[in-house]
Structures are given as structure tokens and as C-alpha cells.
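*Asks:*
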Amino acid sequence: MDMISNLSDDLLLKILSQLPTKDVVETMFLSKRWKFLWMMVPKLDYDDSVYEYFDDERVEYRVFREYVDRFLVLYKSPVLETLKFNLGCWLSTTDDMSTWIRFAIARRVRELEIYRSFDADDYSFELPRCLYTFEKLVVLKLYKSITLDVPREVCLSSLKVLHILSVHYKDKNSLRRLLSGCPVLEELVIDKSEGDYPPSLYVIMNSLERLSILNEFHDTDIFDLGHLCSSENMPELVEANVKLVCESPEKLMRSLTSVKRLSLCLYGSMLQHHIEFYQLIRLELCGCGPKWWNLLTWMLQSSPKLQFLKLNKCGEICICSIAPPIKRSWGQPSSVPDCLQFHLSTFEWKYYNGRREEKKVVAYILKNARQLKTAIFSTKDSYLQEKQSQKKLKELVSLPRASSSCQLLVDLKKRKI
Numbered sequence: 215m216d217m218i219s220n221l222s223d224d225l226l227l228k229i230l231s232q233l234p235t236k237d238v239v240e241t242m243f244l245s246k247r248w249k250f251l252w253m254m255v256p257k258l259d260y261d262d263s264v265y266e267y268f269d270d271e272r273v274e275y276r277v278f279r280e281y282v283d284r285f286l287v288l289y290k291s292p293v294l295e296t297l298k299f300n301l302g303c304w305l306s307t308t309d310d311m312s313t314w315i316r317f318a319i320a321r322r323v324r325e326l327e328i329y330r331s332f333d334a335d336d337y338s339f340e341l342p343r344c345l346y347t348f349e350k351l352v353v354l355k356l357y358k359s360i361t362l363d364v365p366r367e368v369c370l371s372s373l374k375v376l377h378i379l380s381v382h383y384k385d386k387n388s389l390r391r392l393l394s395g396c397p398v399l400e401e402l403v404i405d406k407s408e409g410d411y412p413p414s415l416y417v418i419m420n421s422l423e424r425l426s427i428l429n430e431f432h433d434t435d436i437f438d439l440g441h442l443c444s445s446e447n448m449p450e451l452v453e454a455n456v457k458l459v460c461e462s463p464e465k466l467m468r469s470l471t472s473v474k475r476l477s478l479c480l481y482g483s484m485l486q487h488h489i490e491f492y493q494l495i496r497l498e499l500c501g502c503g504p505k506w507w508n509l510l511t512w513m514l515q516s517s518p519k520l521q522f523l524k525l526n527k528c529g530e531i532c533i534c535s536i537a538p539p540i541k542r543s544w545g546q547p548s549s550v551p552d553c554l555q556f557h558l559s560t561f562e563w564k565y566y567n568g569r570r571e572e573k574k575v576v577a578y579i580l581k582n583a584r585q586l587k588t589a590i591f592s593t594k595d596s597y598l599q600e601k602q603s604q605k606k607l608k609e610l611v612s613l614p615r616a617s618s619s620c621q622l623l624v625d626l627k628k629r630k631i
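Each residue of the sequence shown is one higher than the one before, counting from 215 in this note's numbering.
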């Protein structure tokens, strides 16, 4: 008998849980030992994107639906740990999903994830009302073409992780009702809705530890979301990831004062506001937005205990695509921020362009960061510009450093110079 078959059922089930469900089912043909084991796997992962919807989409989707239905009928485990759907076909319906979710609730599912590979209002489906009062659910992740028709009564008393991206809201209060029924929520990931009702976060989330507010739009229109994206009373919040077009971000920023780690891509001025981030030790700031350099100055002044500073681009979902140069002259802080004098140990700048004002920013930080241990710079220029980029990076070597122990690393290969 092979070695793997000698393993305990519990260990085999853990191994099978890492496989797509379609592969798990095929193990029943291995031997008598495996014949019924697949029926007890605690994690189910259905992916209809593996089907090719070309000739007759309705026939192909019916095959997938019948496959899921048959599997769930034969499923024997009393507790379902995770149920995940990756739906590529537009034919998925409210009735189908309601049937599958009700089955999961009957098996006390802890994690439910539903992803759709396209976004279309005409083919959006709703979730069953019983899901909003299922008290055993711990993780809920929803992505694209799912309509949230949230009832007045919501009781998700065990929900700790909630991701809702590119979904549609039935009315302007749907999100507020949903969040108000999650008393122990620790992680929230949300984006600006593309529907008629942008999200409103005016709820108390005392238990929240990690918050991500994203903007999935690829245009650069300015939307005033300051009054919509404020979340008050979050004393446990330690990590926030904000990528947002926001003309009046003051309320949002004031709600983040307890964070220790912050990733920030923000459209909107904060210079006129005084807010202190006394717990912040790690900051990643997007260098793509307009007047990002002013936001950098403001954050340095507002974060007295900052230890790690990274200037970056947000990636493919960034609301801005090209890093604008610093206009006019960079306005350095009126006095040296406490974080530079006493705490900053790591400074990293990805996609550094070496423009004159950018070099001033680097010079100021190196000159005043007394505790700096590592400064890392990299660029992403084309091959034809590589030599010029290397020259710009090497110019940094001559800049004075307040910290005698500071190591300067350049290029993507992190070479010391």
C-alpha cells in the first residue's frame, strides 16, 4: 500500500482541502480507501471558469449546476468549513445561489466566498435573506455582480472578516444595515460602489482592526466621498489600506488615528488640518496622486513615531497611473519632524525618477533621519533609459546622511553603494 494511503483520515482531508473540488472527486477512483473520503472534505471550491462557454452557454452551465447539485446531495460532513464559488458564466441565478447557500448554512459553514469574473447589472443575483441572520458565519467575501438587498434585521454575530468589492446595493442604506449587524467585525475591505448608491460607513465598529477602502475606478474623476467614507469610534484599528478619490478626507483620516500600519493613496488636501497618528509606525504612501508631496510632508509632521516609510505606486487598481512630478518647489516641513529625529529606521522609494524636487525630498530625509538604518531606491525605466536611471540613483551616494550607520541600496537588485 502506498505511503499516503497510510495517513490518517484527518490528515488526508487536510491535504484534499487544498485541491479544487473537481480534483477531489476524482480521488474516489484511487482505491477503496478513497472511495468515500471525498464526501467529507471540509472545504469546497467550485470553479465554473474551467468550462468553455462557446457553442451553447446554457448547456455548459447546466452541466456545472448539476455537478454542484449532485456533489452537495452526496456530501456527508456535518460541518462545512469553507464554500467558495468562482463563477465565470453570466447564467448564474439567484435561485441557484440561494439553494447552494442554504445548503452551506445547514452545514454550519464558517467561510463563504463568491467571485464573479465579470460585472453586469443585468445578470446580478441576490443573496438569500437567511444569510444575513446566520450567526455562525466568520468570513464573507463577495466580488462583482452581486446585489446586496440587506433586510432591516441583520445578525452576523460571529463575522470577523468582510470583503465586498464591486457589488451592487439595493438602496443607500444597505451597507449601513449590514455593518451594524456585525458587532465583532475585525477586517473590512470595501470599494466605492459603481452603482447608484455609494457606500456609507457612518456606523460604529469598535472591534475593527483592519480596514481597506479602495477605489476600483480607472478614471480620475473627482468624487466628494468625504461625507460618505467616515467611520467613527474604531479604537482597535491597527491597519488601514486607503485608495480613494476624496475631496474632503478629514473625517476619514480622523477615524484612522489609532492605526499602526497605513497604506495611503488619497486625492484630497490635508494641509489645513491637524491630526496626530501617535501609534503609526509603518506608512506606505502612493506617489501617483496630485500633490502627493504635500501629503508626504503632512504625514511626516503628523506621525511622531514613524519607523518605516515607503513611497510606492498602488499597482493595477491604482486610481492614478503616472506619477506626477513635484510642481514648483517642494515645501519641506517648517521644523524637523520627531519621526525623523528619533524613530525612522527604514526609507524606501520605488519608481524613483531622480527629478530635482524628488532629490530634494531624499536629501532632506537623509540629512535629518538620525536613526536611519536602510534607504532603498529603485526605478522602473525602459532598457534605453537604464544607464540614465543608474546615474540618477548613484547621485544619491553623495548626499549627506545624519545616520552614520545608514546603508544605501539602489536598483531592483538592492545593490549596496
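Note that beta-carbon positions come from the ideal geometry of N, C-alpha and C, so glycine has one too.
Counting C-beta neighbours from all protein chains within 10 Å, is the total for Y492 16 or more, i.e. buried, or is it exposed?
*Replies:* Exposed.
*Asks:* Can you name, in chain order, every residue of its own chain whose Cβ lies under 6 Å from the Cβ of G568, other than the five neighbours on each side?
*Replies:* Correct list, in chain order: K606.
*Asks:* I need the boundaries of the alpha helix (DSSP H) containing E572, first residue and last residue.
*Replies:* Residues R570 to N582.
*Asks:* Taking L341 and L297 to be in contact with their CB atoms under 8 Å, please state how far apart those CB atoms are, rounded to whole angstroms.
*Replies:* Contact doesn't hold; Cβ gap of about 13 Å is too wide.
*Asks:* Which residue wins for smallest C-alpha separation from D262, given the options P292, L301, V575 and S516?
*Replies:* When each option's Cα is compared against that of D262, the closest is L301.
*Asks:* By alpha-carbon positions, which one of I590, L586, R321 and E349 ends up nearest to K374?
*Replies:* Closest option to K374, Cα to Cα, is E349.
*Asks:* Could you tell me whether the Cβ atoms of R468 and I489 are closer together than 8 Å?
*Replies:* Taking 8 Å as the Cβ cut-off, R468 and I489 qualify as a contacting pair.
*Asks:* Hey, quick one: how far does the alpha helix (DSSP H) through A589 stretch, first residue to last?
*Replies:* A589 -> not in any alpha helix (DSSP H); beta strand (DSSP E) instead, spanning T588 to F591.
*Asks:* Tell me, which residues are paired with Y566 by DSSP?
*Replies:* According to DSSP, which records beta bridges pairwise, Y566 is partnered with nothing at all.
*Asks:* Given this structure, state the Cα-to-Cα distance separating D632 from T313, to the nearest angstrom.
*Replies:* Absent from the model: residue 632. The displayed extent of the chain is 215 to 631, so no value can be given.
*Asks:* If you draw a straight line from the C-alpha of H487 to the C-alpha of T307, how long is it?
*Replies:* Whole-angstrom Cα-Cα distance: 48 Å.
*Asks:* Rounded to whole angstroms, how far is the Cβ of S421 from the Cβ of E400, which I believe are closer than 8 Å?
*Replies:* Contact holds; Cβ gap of about 6 Å.
*Asks:* Within this structure, are the beta carbons of R322 and L294 separated by less than 8 Å?
*Replies:* Result yes, Cβ atoms of R322 and L294 sit closer than 8 Å.
*Asks:* Between the alpha carbons of W544 and M513, how many angstroms are there, rounded?
*Replies:* Using only the alpha carbons, I get a separation of about 14 Å.
*Asks:* May I have the straight-line CA-CA distance separating Y565 from I319, to the nearest angstrom?
*Replies:* If I take the Cα positions, the gap works out to 47 Å.
*Asks:* Tell me the DSSP secondary structure of V287 in three-state form.
*Replies:* Correct three-state label for V287: helix.
*Asks:* Out of F278, V255 and R324, state which residue places its alpha-carbon closest to the alpha-carbon of K290.
*Replies:* The candidate whose alpha carbon is nearest that of K290 is V255.
*Asks:* Rounded to a whole number of angstroms, what is the C-alpha to C-alpha distance between L466 and T593?
*Replies:* Looking at the two C-alpha atoms, the distance is approximately 32 Å.
*Asks:* Taking 6 Å as the limit between beta carbons, can you name the residues of its chain near A577, skipping five residues before and five after?
*Replies:* Cβ neighbours of A577 beyond the five flanking positions: L613.
*Asks:* Hey, could you find the ends of the alpha helix (DSSP H) C553 is sitting in?
*Replies:* Start and end: D552 to F556.
*Asks:* Might you give, ordered along the chain, the residues of its own chain that have their beta carbon closer than 7 Å to the beta carbon of L392, omitting 5 neighbours on each side?
*Replies:* If we look at L392 and ignore the five residues flanking it on each side, its Cβ neighbours are L362, V364 and V368.
*Asks:* Would you please state the rounded distance, in angstroms, between the beta carbons of L586 and C620? I believe it to be under 8 Å.
*Replies:* Right, their Cβ atoms sit about 5 Å apart.
*Asks:* Nearest to S517 by CA position, among V473, R324 and L610, is which residue?
*Replies:* If we check each option's Cα against that of S517, V473 comes out closest.
*Asks:* State the Cα-Cα distance for the pair L499 and R276, rounded to the nearest angstrom.
*Replies:* When rounded, the distance between both Cα atoms is 47 Å.
*Asks:* What is the residue span of the beta strand (DSSP E) that Q546 lies within?
*Replies:* No beta strand (DSSP E) contains Q546, which DSSP labels as neither H nor E.
*Asks:* In angstroms with no decimal places, state the Cα-to-Cα distance between G183 and N526.
*Replies:* It is not possible to answer for residue 183, since the shown part of the chain is limited to 215 through 631.
*Asks:* Indicate whether K457 and C479 have their beta-carbon atoms separated by less than 8 Å.
*Replies:* Closer than 8 Å, so yes.
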